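Numbering (our numbering), first residue to last: 2 to 911. Glycine included, every Cβ here is placed at the ideal spot set by N, Cα and C. If you're wondering where the values come from, they're calculated on a predicted model, not measured in any experiment. This report concerns only the one structure given below.
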Ligand code: PEP
Ligand code: MG
């Protein structure tokens, strides 16, 4: 595009045609491109022109100057506008006024600047009064121009940073208030023309006094001042911060739209409004919007007056007494409905529009694809599909996978949320909303919940001993930890609302208080969590129930028809497995055996595990393993049974051993007694288990290599459970997975055990075979690099991208809270790599692992079971590099199904 447009920096629109088009957003910005498109469609748009984003880029690359010839181009474009609008810019008899607005490629609402009524000055004011016969209107427009211009151009764009409350806009507003007081009126609209005229004089005086410069009294000076200010606002503090959050590149730049003004404030037959072609909250196929008679656009948005409903459908409790546009101006409303229909037919999507009616004549000021809730997105997609407006693929692309969250969990009412200030912000670890009384210990959570209370468990961080309390709580909030911290993993697994790493919280478990931002909350005080956004609120915010929607199932069916990858779940209990199947999981991609040692019913197996860990000899260890065996087998069997022949990837034990050593004196004594040793000996053995770096210590396959009897016990449990189920006619498909492998020798070592046990179980149960696979996790960089060798033994790979990210970055999973937030703030990292797979680093290793693995074993089955398996952009990457499946926590299964379908639409694969 750049080539053939080089040098053409100004694009005209209006009078039934335009030089631009909707698909030129990169060059013209969203607003400019859509204004051009509407003009081409013959929809009434006030004439104007767009100065391209290339000029913005040039402006910043050339010390804030413009390319050669821009002035001439602007003059030419202005002349065209003058012809169409039959008025002249700066002309004393028949003046044309223009607006100057920003317009980036993707919308950045409220982040950049706008100046309206440009062209009003002492030369043009009398002419406009004579032309309109409405001096009050003209002085009011002039007053607004001075306010906006001095604020945007003379203060902000000039880099002046006034003290709080002393900005020029606020100082001018105070003059306005004083004038109203003097006149004894309460609304701006009650001031007379003379009042406003006097006010503009004192405004100009004030501008000179505060900013040390005159408000420009020349139309062209105002125009170029406005253009410069819009380009300047691209690098304003707000805009830069917004781009960071939304991931918009700095070098996109903004366009500038100069457009003739039309006025909705010229009397009773004038009006302004905003509308959505369908209801953006519910998705209903109803024209929906608001309007204000005799007003300018900013009045609708500012919320000073209650806007009128657009039609019957938009009436509600607050506005039902006000006349709708349909009632007040039936003809114009009819015209607007016609435009609404044309825009939808043309764009094949819901549009968010702005319009102005000047003395009975309708003008369109903007159209863009409208933002919508998850529910609305779903309903619109399904409606438009059945209306024939879009096809199946387009329908599937209409929901962002993250929006599904909203359909699966109760959520905080977004409208109500706007009126509240968050107490703290953390990482959005578990989705949806939760509201409850705060408690500070897991035991309190359990007790209060048993009394029927809704509680939010507040902890500095959680550990396995908190699990019961976490289960009992409606929400979990921690001060430390990242997206793969214990609390986050557990909460997400349950689909429970959870915020982790809210560093601003000062949590004091002793006094049972939490302080933040000058507020102190005590045990029993109510908080509301928005787990989808990571926001913590003091007090009660309304939650909306995510209702069961049959259309959801239908929609997911469309996605399933398209996708190429299977979706499995990470589940550790039969309950989770059942939930996941109800969400459409096609197998288990990660069954973490050690989870049976947490939570309800875990006492006995946990005690046996502790004995095993603290055993002093192989004999002691074997005795403990014998005790443990029935629990392990029972657990595996129950889950295999629920999955009914679907693949179940069972990972051998990968526990951080020290975590399982009891800390309480009572527990220690009991354990010592059971092992027949004294307290001192127990302490000594516990001390031996201590590691300086447990994440890279004696874990995963290393445990099985040094203590083969541990692997043996687990493998036997798997095969025996499978054999017992087969015997009663239940289908099974276990996949044995070895964790933390870095070299094929480790895998071979364990395979020897597996083969021996397999034969033994087959013989003992009289079976010829038990269907199964033998494979490995790929979570160490060395495993990726030597994947061709590993695939000689492994029949499948499952990428453990939690550890792979940890070891590729050298970032400890549990300690990123200390520095990653700052990396994100300062743009050193675009996103948290533990949430979104890092394609440039970790992703390259993943791809290498798959490619090398498949050179040895072309039919190698490949999946992912790290947390990334439920994150849409990571799922897309897994599709691109050719994985067979992704696996994620149960509540994320629908998200992964949709993300996989969208990936196939965008990057089709055979
Ligand atoms: C991983 O490392 O990605 C993984 C799934 O294993 P865990 O989170 O249990 O270490
Ligand atoms: Mg791991």
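For review: beta carbons within less than 7 Å of any heavy atom in the ligand PLP:
The model depicted lacks the ligand PLP and carries the ligand PEP and the ligand MG instead.
Between the C-alpha atoms of residue 912 and residue 540, what's the straight-line distance to the nearest angstrom?
There is no way to answer for residue 912, as the model of the chain reaches only from 2 to 911.
Please confirm whether any heavy atom of the ligand PEP lies closer than 7 Å to the CB of residue 850.
no
Say whether chain D places a C-beta atom closer than 8 Å to the C-beta of residue 473.
Of the protein chains in the structure, only one exists, and it is not chain D.
Does the beta-carbon of residue 77 have 16 or more other beta-carbons within 10 angstroms, so that it is buried, or is it exposed?
exposed
Mind listing, in chain order, the continuous alpha helix (DSSP H) runs of no fewer than 4 residues lying wholly within the segment 306-338?
326-329
Tell me which residues share the same chain as residue 809 and place their Cβ nearer than 8 Å to its Cβ, disregarding the 5 neighbours each side in the sequence.
782, 839, 842, 843, 846
Return yes when the C-beta of residue 866 is under 7 Å from any heavy atom of the ligand PEP, and no when it is not.
yes
Rounded straight-line distance, which links the Cα of residue 354 to that of residue 276
5 Å
Between which two residues does the beta strand (DSSP E) harbouring residue 367 extend?
362-370
Report yes or no: do three or more beta-carbon pairs, one from the segment 235-254 and one from the segment 341-355, lie closer than 8 Å?
no
Would the beta-carbon of residue 738 fall within 8 Å of that of residue 799?
yes
Decide if residue 636 is buried, meaning its Cβ has at least 16 other Cβ atoms within 10 Å, or exposed.
buried
Whole angstroms are fine: how far does the CA of residue 145 sit from the CA of residue 12?
28 Å
Considering just the uninterrupted stretch of the beta strand (DSSP E) at residue 778, what are its terminal residues?
774-779
Minimum C-alpha distance to residue 199 - residue among 188, 181, 528, 187:
181
For residue 506, which residues in the same chain have their Cβ closer than 7 Å to its Cβ, ignoring the five residues on either side in sequence?
425, 480, 515, 517
Within 10 angstroms of the Cβ of residue 903, are there 16 or more other Cβ atoms? Answer buried if so, exposed if not.
buried
What is the DSSP secondary structure of residue 266, counted as helix, strand or coil?
coil
Can you give, in chain order, each stretch of the beta strand (DSSP E) that sits fully within the segment 421-486 and has at least 3 residues?
428-431, 434-440, 456-460, 476-479
Taking the DSSP output, what are the residues bridged to residue 348?
Its beta-bridge partners do not exist; DSSP assigns none.
At what residues does the alpha helix (DSSP H) containing residue 387 begin and finish?
375-388
Between the segment 666-677 and the segment 699-716, can you find at least three pairs of beta-carbon atoms closer than 8 Å?
no
Can you name, in chain order, every residue of its own chain whose Cβ lies under 6 Å from the Cβ of residue 475, other than the five neighbours on each side?
435, 437, 455
Note the first and the last residue of the continuous alpha helix (DSSP H) segment covering residue 637.
619-644
Which residues share a DSSP beta bridge with residue 738?
652, 776
Residues near residue 793 by beta carbon distance below 7 Å, same chain, minus five either side:
745, 857
Buried or exposed: where does residue 488 fall if 16 or more other Cβ atoms within 10 Å of its Cβ makes it buried?
buried
Could you have a look at residue 278 and say whether DSSP puts it in helix, strand or coil?
coil
Rounded distance between the beta-carbons of residue 330 and residue 135, thought under 8 Å:
Residue 135 to residue 330, Cβ: 19 Å. No contact.
In whole angstroms, what is the alpha-carbon distance linking residue 413 and residue 491?
21 Å
Out of curiosity, what's the CA-to-CA distance linking residue 582 and residue 534?
27 Å
Is any non-hydrogen atom of the ligand PEP found closer than 7 Å to the C-beta of residue 373, if you look at the structure I gave you?
no
Three-way DSSP call (helix, strand, coil) for residue 292 in this model:
strand
Kindly give me the distance between the Cβ atoms of residue 381 and residue 39, rounded to whole angstroms, as I take these residues to be in contact under 8 Å.
Actually they do not touch by this definition, with Cβ atoms about 21 Å apart.
If we ignore side chains and look at the alpha-carbon of each, how far apart do residue 901 and residue 406 end up?
16 Å
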